[in-house]
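Engineer: Here it is: the structure, laid out below.
In the UniProt record's numbering, the protein residues as written are 1 to 271.
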């Protein structure tokens, strides 16, 4: 699994058990009885970080909306702390040596969706600890403000068979995009065949019907504030080489809705 999966595991371990175990009873504006009974989580202080040292640079920025929701603030800080911890471990490994270029961590959290029902935050950045380029950092946090808890892909779509259908849809879109990119470059036929073969294998491996492969997603809202689709986000190396960058596939609500857990269908247009 990819480097980002390791950070996500650290994040989940850092979240309070009350957040992991709480289950929403409703998607209506009124808070559920279970949510009301959940002990409040103290919000950690979220302050943008700028650190400079001859051996490393760190820049981390947080979105203002996170300060409204203690659980979300804790999740973002845990992710950032995990990324910073990895960088500092690499710096410590230098000992008295100086890197040819300073190690650095650049991480920005930005608001994607902010409504009374949903808050979605994107984490994007990179961590450089030597080599030709930095390691990408990518995560998405979809928050249910009324329960102050994260909505995961597994919780949203709990049926394993449903992920087979979603994976097939996503794979088809990625293969189509791949074909268009290769055709635009117009390589010789033999080279084209090899490029498509290698990239298709990465797509197949990165889109097996495991919810972990689709853990990073963004809700796409319509004019009425309901979800009209989910945009699944794939970091470099998951479904293509580093040069292809971040890739996304938007799956419309019409495809998703029959597979969505009943308690969350009200968030979707047509649900």
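Glycine residues also receive a C-beta, built at the ideal position from the N, C-alpha and C atoms. Values in this document were obtained by computation on a predicted structure and should not be read as measured data.
Do the stretch 123–135 and the stretch 145–159 make contact, defined as three or more Cβ pairs closer than 8 Å?
Structural biologist: Too few Cβ pairs lie closer than 8 Å, so no.
Engineer: When the Cα atoms are used, what is the spatial distance from residue 95 to residue 232?
Structural biologist: Indexing the chain shown from 1 puts residue 95 at position 95. Indexing the chain shown from 1 puts residue 232 at position 232. Their backbone Cα atoms lie some 40 Å apart in a straight line.
Engineer: Whole angstroms is fine: what's the gap from residue 56's alpha carbon to residue 204's?
Structural biologist: In the chain shown, residue 56 corresponds to position 56, counting from 1. In the chain shown, residue 204 corresponds to position 204, counting from 1. Their Cα atoms are separated by approximately 37 Å.
Engineer: According to DSSP, is residue 258 helix, strand or coil?
Structural biologist: Position 258 of the chain shown holds residue 258. Residue 258 falls in the helix class under three-state DSSP.
Engineer: Classify residue 136 as helix, strand or coil using the three-state DSSP reduction.
Structural biologist: Taking the chain shown and counting its residues from 1, one reaches residue 136 at position 136. Strand.
Engineer: Could you round the C-beta distance between residue 270 and residue 257 to whole angstroms and report it? I think they count as a contact, below 8 Å.
Structural biologist: One-based indexing of the chain shown puts residue 270 at position 270. One-based indexing of the chain shown puts residue 257 at position 257. Indeed they touch by this definition, with Cβ atoms about 6 Å apart.
Engineer: Write down every uninterrupted run of the beta strand (DSSP E) in the stretch 46–80 whose length is 3 residues or greater and which is fully enclosed by it, in chain order.
Structural biologist: Those beta strand (DSSP E) runs which fall completely within the stretch 46–80 and span 3+ residues are 49–52 and 56–61.
Engineer: Spatial neighbours of residue 30 within its chain, please: C-beta separation below 7 Å, excluding the five flanking residues on both sides.
Structural biologist: Within the chain shown, the letter at position 30 stands for residue 30. Here the model assigns residue 30 a pLDDT of 36, short of 50, so the residue's position is not dependable and the matter cannot be decided.
Engineer: Quick one: grab the DSSP three-state call for residue 278.
Structural biologist: Nothing about residue 278 can be reported from this structure: the residues present for the chain run from 1 to 271 only.
Engineer: Tell me the rounded alpha-carbon separation between residue 253 and residue 52.
Structural biologist: Translated into the one-based positions of the chain shown, residue 253 becomes position 253. Translated into the one-based positions of the chain shown, residue 52 becomes position 52. If I take the Cα positions, the gap works out to 45 Å.
Engineer: Going along the chain, which unbroken runs of the alpha helix (DSSP H) with 4 or more residues stay wholly within the stretch 148–183?
Structural biologist: Whole alpha helix (DSSP H) segments, 4+ residues: 153–156.
Engineer: Can at least three beta-carbon pairs, one atom from the stretch 111–120 and one from the stretch 73–93, be found at a separation below 8 Å?
Structural biologist: Counting Cβ pairs under 8 Å, fewer than three are found: no touch.
Engineer: Helix, strand or coil for residue 238? Go by DSSP, reduced to three states.
Structural biologist: If you number the chain shown from 1, residue 238 lands on position 238. In the structure shown, residue 238 sits in coil (DSSP, three-state: anything other than H, G, I, E or B).
Engineer: Which residue wins for smallest C-alpha separation from residue 167, given the options 264, 265 and 211?
Structural biologist: Within the chain shown, numbered from 1, the residue matching residue 167 stands at position 167. Ranking 264, 265 and 211 by Cα distance to residue 167 puts 211 first.
Engineer: Using the C-alpha atoms, what's the distance from residue 209 back to residue 59?
Structural biologist: Within the chain shown, residue 59 is the residue found at index 59, counting from 1. Within the chain shown, residue 209 is the residue found at index 209, counting from 1. So the two alpha carbons sit approximately 35 Å from each other.
Engineer: Please report the straight-line C-alpha distance between residue 268 and residue 262, rounded to a whole angstrom.
Structural biologist: Translated into positions along the chain shown, residue 268 becomes position 268. Translated into positions along the chain shown, residue 262 becomes position 262. Taking the straight line joining both Cα atoms gives about 11 Å.
Engineer: Which residue or residues does DSSP assign as beta-bridge partners of residue 309?
Structural biologist: Nothing about residue 309 can be read from this structure; the chain reaches only from 1 to 271.
Engineer: Does the stretch 189–206 come into contact with the stretch 170–181, if we say contact requires no fewer than three beta-carbon pairs (one atom in each stretch) closer than 8 Å?
Structural biologist: Yes: the two stretches touch, three or more of their Cβ pairs being nearer than 8 Å.
Engineer: Given that a residue counts as buried once 16 or more other Cβ atoms are within 10 Å of its Cβ, and exposed if not, what is residue 240?
Structural biologist: Within the chain shown, the letter at position 240 stands for residue 240. Classification of residue 240: buried, given that the 10 Å Cβ count is 16 or more.
Engineer: If we ignore side chains and look at the alpha-carbon of each, how far apart do residue 62 and residue 84 end up?
Structural biologist: By one-based count along the chain shown, residue 62 stands at place 62. By one-based count along the chain shown, residue 84 stands at place 84. Going by the C-alpha atoms only, they are around 14 Å apart.
Engineer: Here's the rule: buried if 16 or more other CB atoms are within 10 angstroms of the residue's CB, otherwise exposed. What is residue 50?
Structural biologist: On the chain shown, position 50 is the one that residue 50 refers to. Answer is exposed; the Cβ neighbour count stays below 16.
Engineer: If I measure Cβ to Cβ from residue 192 and keep anything under 7 Å in the same chain, skipping five residues before and after, which residues do I get?
Structural biologist: The residue given as residue 192 occupies position 192 in the chain shown. Taken in chain order, the residues that qualify are 182.
Engineer: Helix or strand or just coil, what does DSSP make of residue 271?
Structural biologist: Mapped onto the chain shown, residue 271 falls at position 271. Coil.
Engineer: Going by DSSP, which residues form a beta bridge with residue 128?
Structural biologist: Taking the first residue of the chain shown as position 1, residue 128 is located at position 128. For residue 128, which the question treats as bridged, DSSP gives the partners 104.
Engineer: Taking C-alpha atoms, which residue in 196, 250 and 158 lies nearest to residue 264?
Structural biologist: Translated into positions along the chain shown, residue 264 becomes position 264. When only C-alpha atoms are compared, the closest one is 158.
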